[in-house]
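Have a look at the structure below, then the notes.
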Amino acid sequence: MLNYDIVVIGGGPAGLAAAVSAKRNGAESILVLERDKELGGILNQCIHNGFGLHTFQEELTGPEYAGRFIGQLQEEQIAYKLNTMVMDIGANKVVTAMNREEGMFEIQAKAIILAMGCRERSRGALNIPGYRPAGIYSAGTAQRLVNMEGYMPGREVVILGSGDIGLIMARRMTLEGAKVKVVAELLPYSGGLKRNIVQCLDDFGIPLKLSHTVVDIDGKERVEGITIAQVGPDRRPIPGTEEHYACDTLLLSCGLIPENELSRSLGVEMSPVTSGPLVNECLETNVEGVFACGNVLHVHDLVDFVSEEAASAGRHAAEYILNGARHLASGGRDIPIQAVEGARYTVPRTINPERMDEKHTVRFRVGDVYKNCYVSVYLNNERIIHRKRPVVAPGEMEEVVLKKEQLAGFPDLSQITVKIEEA
Amino acid sequence: MYDVVIIGAGVSGAASARELSRYQLNVCVVEKEEDVCCGTSKANSAIVHAGFDADSGSLMAKLNVEGNEMMDEMSRELDFHFKRNGSLVVCLQEDEMPNLQALYERGVKNGVKGLRIIGREELAAMEPNISDKAVAALYAPTGGIVCPFGMNIAYAENAAENGVEFRFDTEVLHIERKGSHWLLQTNRGEIETTYVVNAAGVYADKFHNMVSSKKLHITPRRGDYCLLDRSVEGFVTHTIFQLPNKFGKGVLVTPTVHGNTLVGPTAIDIENKEGTNTTQAGIDEVIGKAGNTVKNLPIRQVITSFAGLRAHEDGHEFCIGELEDAKGFVDCAGIESPGLSSAPAIGKMVADIIKGLSNAPENPNFKGTRKGILDPKVLTNEERAALIKENPAYGNIICRCEMVTEGEIIDSIKRPLGAKSLDGVKRRTRAGMGRCQAGFCSPRTIEILARERGVDPSEITKSGGASKIIVGVNKDRI
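Below you can see the structure in the form of structure tokens.
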């Protein structure tokens, strides 16, 4: 059996940043396990720019951004294995993995960082009625075919869902010579970043139809047409509003689901809202020494924030290795953070005022679009943050910064509340 | 010139082919699709009925009970997944108890073994998620679940290994009498044969009516289904039916042999024999009705929905036999539920009929066993390590959700009647059948299919015909 202090599951942006940070914070023996044939994860197929503005103060493509972290990993001489699938993680932190060269093998870890990322919601999970022909792809699958393999998955395209990958693919398919006829979005607002709507749809004259969904898929062998219809406030199609588009392709960009099958088998407690683990401010799960970061924890919009979060997970994993029990017995209590009234969840779920850093960024998402509102934080019943925001939307992650000194002023602190308040 | 041509490579056609390969007969199966198991056989409830449902004395009842009894041995001989999980017909109202009793009595009359009526307490202990309204159930321990693809493919492969020829993408257009034999016109030329077995599913009436004046009518009866992720494995462990009542027939909730949960079907009569499209109303009906027999159905775990067409003959009876006014033409028609359950017995019956007509001697080289695709998941870690050492492709996971290796996918392509398309690989290995529905693995499976078949990736289809996945290369039209 192999032995490592820290095993990182996944070599995408989260796993890379976590491993580098763990090493720089004193952990010596680290192994990254990646199931694909190269490091970098989904960034490898994100050949558009816009990455790294926060992390490197410059605009990089996905592969360039990944390249920087892969460089750091190699500089730090951190071990990794490619084409390696983790089959199981036992409660004793024995990781069972498999690849072509080594067959089935086991690794005893002292700490584990979960960084498996997410997958796309499929047509089946969306319960879209109609035939099941070729020509229906999740936006990410189409992105891989076009950007990594150079293949066109279709010529005339309808896109359901205005998530960022769908918006990016609307532009990419157009640039590669396809005709994108329409982007339909079930909700009355887009789930993607504003900048992507402008740069990927508006600039190419691609219509975005809000409050619309696909109600039928036509074509027995290959997609021949898509029918969309307007939906009411109950999100059900309104009869009589159907519009038919002749096309050969339907791309789906309808949400991402953290890939937590391994976490669940390990006994990690999950949030029903994010479908990711519940973590404290060290990004540690309920299973001691198991940390989570990146899209496996909650789905991010910007890779820069993934890297930041993963670096924190890596640092805490290193501290856990170096200090062991001391890390846990640092005193204090885990104070729950409640997300209510417009705020859907927070990461972390709890914070320990004594163990926390001087400042801690709490990230969250809102459940609806709110204009001219306030993002508020309460310690017990006292409001300590009341920040005016012209607009907040579910597609853009929000944050508030909690300071240790502020929390220290509440010795009987039992609850932290994050909410959206109307002006 | 063949002795026997079987029209249709669904489970009835494949089982007939395998049973006919016991004899010295030159047999050919013609199939309009690119693979076996492309019609009714691929989209159904995947269950093996105990046999209490069909009318006593009917051929359906007889073949169902016989097929059920043969299933253990067949699954061993041909290596496909089958499990006797037992079925429960749930009675939701005290005043419907006489109907449950009647069903029990019919089952006993049909020869179903081990039937008993159980009370609410025992039912709730067997199925914790049973509806609070359930008052009693008919328990049939012989009820089972089967992999419908695995069973169909196993029969076909074994038939092929025993010398049966399969012609795919071959659609029969016309059948006529030519002297003492039959002439079949297809999209790929003419085929002559002494005997025809009409196992054409929803199209069986079309072929029957070409040769007989006694007309047959088959209605495609659509059934919509929803399939739930393996993450909720154990939600139910038995196949749960609703006792039909004045509000209708209800839907079944059942585990599959692979650990998914299946809910459905609807029963909607349509005109279009290719109408396998689901509808919103159909999906809504399935989800709504499932709530009659179980509580807390984890509907967010639906990973796909699909529809299949039952070949419903007007008299709701299996029509198996040589036609009186068309000698040598043997119908295997009206094979709707419990067709899958009955398939082993149907195959045997068809073979017996042809044997009686032809007096063909036994095939001394017949080999009745077939080995399925090796599933490394059933091996110990040590055995698995040894396998990978011998063939590294078994160490390379292609489908993450179902943990299918490259080794299994290559096997599925290289074996007799091997997979040619993504769906072909999926039905043989489960690659792409999991929660991401081929989002991650399809580009990699395309690559393996193209490499192993020696064709360009753009040639690879989802399910044959015009179902291409790649339509060109970047900027090729700019």
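Heads up: the protein sequence lines correspond to chains A and B, in order.
When we follow the working numbering, the leftmost residue of the first sequence carries the number 48, and every step to the right adds one.
When we follow the working numbering, the leftmost residue of the second sequence carries the number 22, and every step to the right adds one.
For glycine and all other residues, C-beta sits at the position ideal for the given N, C-alpha and C.
Treat the numbers as computed from the prediction; the structure is a model and nothing was measured.
Residues of the region 214 to 246 of chain A in Cβ contact with chain B at a cutoff of 7 Å, in chain order, please.
E223 and G224
In terms of DSSP beta bridges, what is C58(B) paired with?
In the second sequence, counting from the first residue as 1, residue 58(B) sits at position 37. Partner(s): none; C58(B) has no beta bridge.
Three-state secondary structure (DSSP) of V223(B):
By 1-based counting over the second sequence, the position of residue 223(B) is 202. V223(B): helix per DSSP, three-state reduction.
Rounded to whole angstroms, how far is the Cβ of V257(B) from the Cβ of T275(B), which I believe are closer than 8 Å?
In the second sequence, counting from the first residue as 1, residue 257(B) sits at position 236. In the second sequence, counting from the first residue as 1, residue 275(B) sits at position 254. Indeed, because the Cβ distance is near 7 Å, the residues count as touching under 8 Å.
Looking at chain B, is there any beta carbon in it that lies within less than 8 Å of the beta carbon of E290(A)?
Mapped onto the first sequence, residue 290(A) falls at position 243. For E290(A), the nearest beta carbon of chain B is not closer than 8 Å to its own beta carbon.
For the beta strand (DSSP E) that contains T450(B), what are its first and last residues?
Counted from its first residue, the second sequence places residue 450(B) at position 429. Segment L443 to T450 is the alpha helix (DSSP H) holding T450(B); no beta strand (DSSP E) there.
Where the beta strand (DSSP E) through M151(A) begins and ends:
In the first sequence, counting from the first residue as 1, residue 151(A) sits at position 104. Segment G150 to L161, the beta strand (DSSP E) holding M151(A).
For F350(B), would you say it is in contact with chain A, using Cβ-to-Cβ distances shorter than 8 Å as the test?
Stepping through the second sequence from its first residue, residue 350(B) is reached at position 329. So, not an interface residue.
When DSSP labels each residue in this structure, what does D502(B) get in the three-state scheme?
The shown model of chain B, from 22 to 499, leaves out residue 502(B), and the question about it has no answer.
Secondary structure at K84(A), three-state DSSP: helix, strand or coil?
One-based indexing of the first sequence puts residue 84(A) at position 37. For K84(A), the secondary structure class from DSSP, reduced to helix, strand or coil, is coil.
Between V230(A), A225(A), L214(A) and V261(A), which has its C-alpha nearest K241(A)'s C-alpha?
Looking up residue 241(A) in the first sequence gives position 194. Looking at the Cα atoms, L214(A) is the closest of the given residues.
If you count every other CB in all the chains shown that lies within 10 Å of the CB of T260(A), and 16 or more means buried, which is it?
Reading the first sequence from its first residue, position 213 is the one you call residue 260(A). Flag for T260(A) reads buried.
For G97(A), which three-state DSSP category applies?
Along the first sequence, one-based indexing puts residue 97(A) at 50. Note: G97(A) maps to strand in three-state DSSP.
Closer than 9 Å at the beta carbon, the chain B residues around P254(A)
On the first sequence, position 207 is the one that residue 254(A) refers to. The premise fails here: P254(A) is roughly 22 Å from chain B at the closest Cβ pair, so nothing lies under 9 Å.
Using a cut-off of 9 Å between C-beta atoms, extract the partners of E268(A) located in chain B.
Position 221 of the first sequence, counting from 1, holds the residue named residue 268(A). Within 9 Å Cβ-Cβ: T482, K483, S484, G485, G486, A487, S488 and K489.
Between R202(A) and chain B, is there a C-beta pair that is closer than 8 Å?
Looking up residue 202(A) in the first sequence gives position 155. Interface residue, yes.
I think A181(B) touches F187(B), with their Cβ atoms under 8 Å apart; what is that distance to the nearest whole Å?
Here residue 181(B) refers to the residue found at position 160 of the second sequence. Here residue 187(B) refers to the residue found at position 166 of the second sequence. Between F187(B) and A181(B) the Cβ distance is about 6 Å, and since that is below 8 Å, they are a contact.
Which residues in the same chain have their Cβ closer than 7 Å to the Cβ of L460(A), if we skip the five residues on either side of it in sequence?
Position 413 of the first sequence holds residue 460(A). Excluding residues within five positions, the ones whose Cβ falls inside 7 Å are I382, P400, L426, N427 and L454.
For the alpha helix (DSSP H) containing I324(B), name the first residue and the last one.
Numbered from 1 along the second sequence, position 303 holds the residue referred to as residue 324(B). Where I324(B) is concerned, there is no enclosing alpha helix (DSSP H), although the beta strand (DSSP E) it sits in stretches over V323 to E334.
DSSP beta-bridge partners for S423(A)?
Residue mapping note: residue 423(A) aligns to position 376 of the first sequence, counting from 1. In the DSSP output, where bridge partners are listed per residue, S423(A) has H433(A) and K466(A).
If the criterion is Cβ atoms closer than 8 Å, does the pair R166(A) and I304(A) meet it?
Reading the first sequence from its first residue, position 119 is the one you call residue 166(A). Reading the first sequence from its first residue, position 257 is the one you call residue 304(A). Result yes, Cβ atoms of R166(A) and I304(A) sit closer than 8 Å.
Does any residue of chain B bring its CB to less than 8 Å from the CB of L192(A)?
By 1-based counting over the first sequence, the position of residue 192(A) is 145. It does; some Cβ of chain B falls within 8 Å.
Contiguous beta strand (DSSP E) assignments of at least 3 residues, all confined to the region 403 to 462 of chain B
Inside the region 403 to 462 of chain B, DSSP marks whole beta strand (DSSP E) runs of 3 or more residues at positions 418 to 420, from first to last along the chain.
Compile a chain-ordered list of the residues in the region 51 to 65 of chain A whose CB is closer than 9 Å to at least one CB of chain B.
none
Quick check on this structure: which residue in S358(B), G377(B) and K236(B) has the alpha carbon closest to the alpha carbon of N65(B)?
The residue given as residue 65(B) occupies position 44 in the second sequence. It is S358(B).
Please state whether DSSP places R168(A) in a helix, a strand or coil.
The sequence position of residue 168(A) within the first sequence is 121, counting from 1. It is coil, neither helix nor strand.
With 7 Å as the limit, tell me which residues of the region 321 to 333 of chain B have their beta carbon closer than that to any beta carbon of chain A; keep them in chain order.
For the region 321 to 333 of chain B, the set of residues with a beta-carbon nearer than 7 Å to any beta-carbon of chain A comprises V323, I324, T325, S326 and F327, in chain order.
List the residues of chain B whose Cβ lies closer than 7 Å to the Cβ of G187(A), in chain order.
One-based indexing of the first sequence puts residue 187(A) at position 140. The answer, in chain order, is G460.
Do we get a CB-CB distance below 8 Å when we pair E295(B) with the residues of chain A?
For the purposes of this step, residue 295(B) is taken as the residue at position 274 of the second sequence. Closer than 8 Å: yes.
Pull up the distance between the alpha-carbon of C59(B) and that of K53(B), whole angstroms please.
Along the second sequence, one-based indexing puts residue 59(B) at 38. Along the second sequence, one-based indexing puts residue 53(B) at 32. Cα-Cα distance, rounded: 9 Å.
Going by Cα to Cα distance, which pick from A155(B), F228(B), E427(B) and G29(B) is closest to A311(B)?
As a position in the second sequence, residue 311(B) is number 290, starting the count at 1. If we check each option's Cα against that of A311(B), A155(B) comes out closest.
Do you know whose CA, among N380(B), E254(B) and R242(B), lies nearest E334(B)'s CA?
Position 313 of the second sequence holds residue 334(B). Among N380(B), E254(B) and R242(B), the Cα nearest to that of E334(B) belongs to R242(B).
Relative to the ligand FAD, is the shortest distance from any of its heavy atoms to the C-beta of A311(B) smaller than 7 Å?
Although the ligand FAD was asked about, the structure shown includes no ligands whatsoever.
Sort out for me which residues DSSP pairs Y160(B) with in a bridge.
As a working mapping, residue 160(B) is identified with position 139 in the second sequence. Paired residue(s): L109(B) and R137(B).
One or two residues paired with A14(A) in a DSSP bridge
In this structure chain A extends from 48 to 470, so residue 14(A) is not present and cannot be described.
DSSP three-state label for T296(A), please.
Your numbering for residue 296(A) matches position 249 in the first sequence. Strand, per DSSP.
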